[in-house]
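Here the sequence shown is numbered in our numbering, starting from 1 and rising by one per residue. For glycine and all other residues, C-beta sits at the position ideal for the given N, C-alpha and C. Keep in mind it's a predicted model, so treat the numbers as computed, not measured.
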Amino acid sequence: MTATLIVCDTCRHSIEAKTDATGRTGGERLAAHLEEAARACDGFRIRRFSCLMGCEHHCNVALEQPGKLTYVLGSFEPTAEAAAAIVAFAERYAASETGQVPFRQWPQGVKGHFVARVPPAERR
Numbered sequence: 001m002t003a004t005l006i007v008c009d010t011c012r013h014s015i016e017a018k019t020d021a022t023g024r025t026g027g028e029r030l031a032a033h034l035e036e037a038a039r040a041c042d043g044f045r046i047r048r049f050s051c052l053m054g055c056e057h058h059c060n061v062a063l064e065q066p067g068k069l070t071y072v073l074g075s076f077e078p079t080a081e082a083a084a085a086i087v088a089f090a091e092r093y094a095a096s097e098t099g100q101v102p103f104r105q106w107p108q109g110v111k112g113h114f115v116a117r118v119p120p121a122e123r124r
């Protein structure tokens with residue numbers, strides 16, 4: 001089964017501003033950068049979603065796969081550099097059996113951006 005990187009396309013551009021000068025939200029910009037950065041990647045797909053309810057953080061993403069930990073990350077700048085770090089982490093997540101990626105393998109660009117780690121849903 002493939003991992004899913006969910007990006008909130010309604011997230012603010014920054015704490016101060018909802019949109020940039022062109023009227024695009026930070027989430028829209030980050031989603032476009034993520035889609036571009038992930039073009040050559042296997043193991044996960046990107047899904048846009050309107051509102052992850054992490055409004056105290058801007059530019060939120062979630063990484064999930066059945067049977068694995070789910071991660072929520074936020075407070076990113078909507079840049080290609082942030083997207084590259086998120087994609088690098090998503091590749092390591094997808095390759096992991098449990099979704100847990102050792103700290104030493106985290107890209108620098110995701111450190112300090114973790115909001116939550118959710119245990120996998122139990123199978124019945």
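{"Item": "Going by the CB atoms, is the gap between V87 and A21 shorter than 8 Å?", "Value": "no"}
{"Item": "Considering only the beta carbon of each residue, do G109 and A85 sit closer than 8 Å?", "Value": "yes"}
{"Item": "Skipping 5 residues on each side, what residues in its chain have a beta carbon closer than 6 Å to that of R29?", "Value": "P78"}
{"Item": "Name the DSSP bridge partner or partners of I46?", "Value": "L5"}
{"Item": "Between the alpha carbons of P66 and T19, how many angstroms are there, rounded?", "Value": "33 Å"}
{"Item": "Which residues in the same chain as T4 place their Cβ atom closer than 6 Å to its Cβ, once the five residues preceding and following it in sequence are excluded?", "Value": "R45, R47 and E64"}
{"Item": "Any idea what DSSP makes of A116, helix, strand or coil?", "Value": "strand"}
{"Item": "Whose C-beta lies closer than 6 Å to the C-beta of I6 among residues of the same chain, with five residues either side of it excluded?", "Value": "R47, F49 and A62"}
{"Item": "Just the Cα atoms here: how many angstroms apart are L52 and G74?", "Value": "10 Å"}
{"Item": "Of all the options Q105, A80, Y93 and P102, which has the alpha carbon lying nearest to the alpha carbon of L34?", "Value": "A80"}
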